[in-house]
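S.K.: Can you read through this structure? Questions will come right after.
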Amino acid sequence: MKTPINKILAFFTVALLITNVVLVYFLWKDKRSNSHSDKGKGNKGDWMVDELKLDEKQKVQHKEIKDAHFARLKPVFDSITSGRSNLYKLLKEPQVNDSLINLYTEAVGKQQSLISLYTFEHFQKMRAICTPEQQTKLDELIQKLVQNMGKRGSKPKPEMK
Numbered sequence: 309m310k311t312p313i314n315k316i317l318a319f320f321t322v323a324l325l326i327t328n329v330v331l332v333y334f335l336w337k338d339k340r341s342n343s344h345s346d347k348g349k350g351n352k353g354d355w356m357v358d359e360l361k362l363d364e365k366q367k368v369q370h371k372e373i374k375d376a377h378f379a380r381l382k383p384v385f386d387s388i389t390s391g392r393s394n395l396y397k398l399l400k401e402p403q404v405n406d407s408l409i410n411l412y413t414e415a416v417g418k419q420q421s422l423i424s425l426y427t428f429e430h431f432q433k434m435r436a437i438c439t440p441e442q443q444t445k446l447d448e449l450i451q452k453l454v455q456n457m458g459k460r461g462s463k464p465k466p467e468m469k
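Laid out in structure tokens, this is it:
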């Protein structure tokens, strides 16, 4: 990797890998903590229901939106896992063509892009079912969530009290 473009691609590949590892860690940690929760809540996104104080109709809409979102994300996460697996299998090879590395890292990067897009669309749908006051609160929650994503050891769910 001697050309500047390869160095840039390598940098972005490493950045995406780190981001993905952090995301998977938070999802895994969230799943474990929800299954051992004292409140008995084990559903992803229930913190949003509580924070936004959704009414019964909104709770039903939220569940539909949330379930569709996670169903939409599952094949993307599976694709990322597969792409990474194929990439790291190349470590066993004595010499690896840069174009093959780039192929796998770009594929993972495209899938990571889809996660961002789908999550953005998910929050757009959530915002559409909220009252103006809840929209303001949701905007704050999302900004805190985004800020906390890159912080090591931070909670994935923003605490708004």
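Everything in the sequence shown is counted per this note's numbering, starting at 309 for the first residue and increasing by one.
Beta carbons are placed, not taken as given, at the ideal position from N, Cα and C, and that holds for glycine.
Just so you know, these numbers come straight off a predicted model, no measurement behind them.
So, L398 versus I388, is the Cβ gap smaller than 8 Å?
M.R.: Result no, Cβ atoms of L398 and I388 do not sit closer than 8 Å.
S.K.: Report the option in W355, H377, K361 and I423 whose CA atom is closest to the CA atom of V332.
M.R.: Selected option, being the one with the closest Cα: I423.
S.K.: Measure the CB-CB distance between Q442 and L360 and report whether it falls below 8 Å.
M.R.: Cβ atoms of Q442 and L360: closer than 8 Å.
S.K.: Once DSSP output is grouped into helix, strand and coil, what is the label at V404?
M.R.: Three-state result, V404: coil.
S.K.: Compute the Euclidean distance between the alpha carbons of D447 and Q403, then round it to the nearest angstrom.
M.R.: Approximately 48 Å, taken between the alpha carbons.
S.K.: Can you list the alpha helix (DSSP H) stretches of 4 or more residues lying completely in the stretch 399 to 455, in chain order?
M.R.: Correct list: 406 to 436.
S.K.: Determine the DSSP secondary structure at K361, reduced to helix, strand or coil.
M.R.: Three-state result, K361: coil.
S.K.: Roughly how far, in whole angstroms, is the beta-carbon of V357 from the beta-carbon of H370, given that I think they are within contact range, below 8 Å?
M.R.: Yes, V357 and H370 are in contact; Cβ-Cβ is about 6 Å, under 8 Å.
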